[in-house]
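First comes the structure, then the notes that go with it.
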Amino acid sequence: MSVRSQLVLLAALQRLDERLRRLEDEHRQLPQQLHPYEQACREARQALDQLRAELAASERERRARERELDECQAALAKTQRKLREVKTNREYSAVLAEIAAGKERIEALEEQILQLMEQAEQQRLACEAQQQRVEAAQQELARQQQLLQVRQAELAQRLREEQEARQRLVERLEAGLYAQYEQLVAARGGLAVVEVQDGTCGGCHLKVQPQLVAEIRRQEKLFTCPHCRRMLLWPVQEPAPSADEACVVERAGQRRPDDRSSL
Ligand SMILES: [Zn+2]
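The opening position of the sequence shown corresponds to residue 145 in the working numbering, with each subsequent residue numbered one higher.
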């Protein structure tokens, strides 16, 4: 296989590796997509716990008032019995005043108990509504978990396919050239094969000597950029003035056999 064909294969491998990296990144980051739904569940449960605590507090308060009411009623009955045993008018007035005060206290307690019961009823309704929100949040989380599993399976399948395609591609490459590519990929952030554009390296954008450019154009052997050591590939078509690095990488894979006529 000619040097040029090997380089074109390498450029295809480079694009495939870029796709693999993107797929692996997406696969790795997928679980993070659940975080907002997990957070919503946590917050809904915390709000429910808070409402339940408020309900329990008002029920405790009501029971305390009910015990106090029982005591007041017992005390009132005792005072009323005392009324039959009084001897003097002064005692009589004092006991009557005691009875009036007891009744007043009982009325106040009954009013408080009623208010606490109404409050507890409102709190129970709020708990039920919040319980529904918790269930809705849990259902949404479960739905998102299912979607995530589907997406994970899709990505895993695509990763397997791309890795198999990569294996087939690597088998067609010369071992030494492939090893050089791997070293460059590791050292140069994934970009090992670049085109020469307007006499500059498509990787580091520094100027390549005209003599070397002429030799690269013939592509009879492998040339690397004197500045960044990336492998230099002569482009098929004249690079567009606005071409950026991403386009350069993409174009490297679009060569056909008749492209040699432009050399
Ligand atoms: Zn360079």
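Heads up, the beta-carbon is just placed ideally off N, CA and C, and yes, glycines get one too.
Please read these numbers as outputs of a predicted model, since none were measured by experiment.
Simplified DSSP assignment, three categories, for residue i
i, result
"Glu203", "helix"
"Lys247", "helix"
"Thr223", "helix"
"Cys185", "helix"
"Cys142", "Any property of residue 142 remains undetermined from this structure, which presents the chain solely from 145 to 407."
"Ser146", "coil"
"Gln158", "helix"
"Gln267", "helix"
"Gly320", "helix"
"Gln290", "helix"
"Glu272", "helix"
"Glu382", "Confidence at Glu382 is low in this model, with a pLDDT of 46, below 50, so the placement of that residue should be treated as unreliable; the coordinate-derived value is given next. Here Glu382 sits in coil by DSSP."
"Leu229", "Note that residue 229 is Glu in the sequence shown here, rather than Leu. Coil."
"Gln137", "Limits of the chain in this structure are 145 at one end and 407 at the other, which puts residue 137 out of reach."
"Arg166", "helix"
"Arg196", "helix"
Residue i beta carbon near ligand 1 (any heavy atom closer than 8 angstroms)
i, result
"Val338", "yes"
"Gly347", "yes"
"Leu350", "yes"
"His371", "yes"
"Ala374", "One point to set straight first is that residue 374 is Arg, not Ala, in the sequence displayed. Yes, since a heavy atom of ligand 1 falls inside the 8 angstroms radius drawn around the Cβ of Arg374."
Residues bridged to residue i (per DSSP)
i, result
"Glu339", "Leu377"
"Thr344", "Gln341, Lys351"
"Thr368", "Met375"
Given 8 angstroms, three or more beta-carbon pairs between the region 167-181 and the region 335-349: no
Stretch-stretch touch, CB-based, cutoff 8 angstroms, three pairs: the region 160-170 with the region 231-241: no
The region 186-193 / the region 315-327 touching (three or more Cβ pairs under 8 angstroms): no
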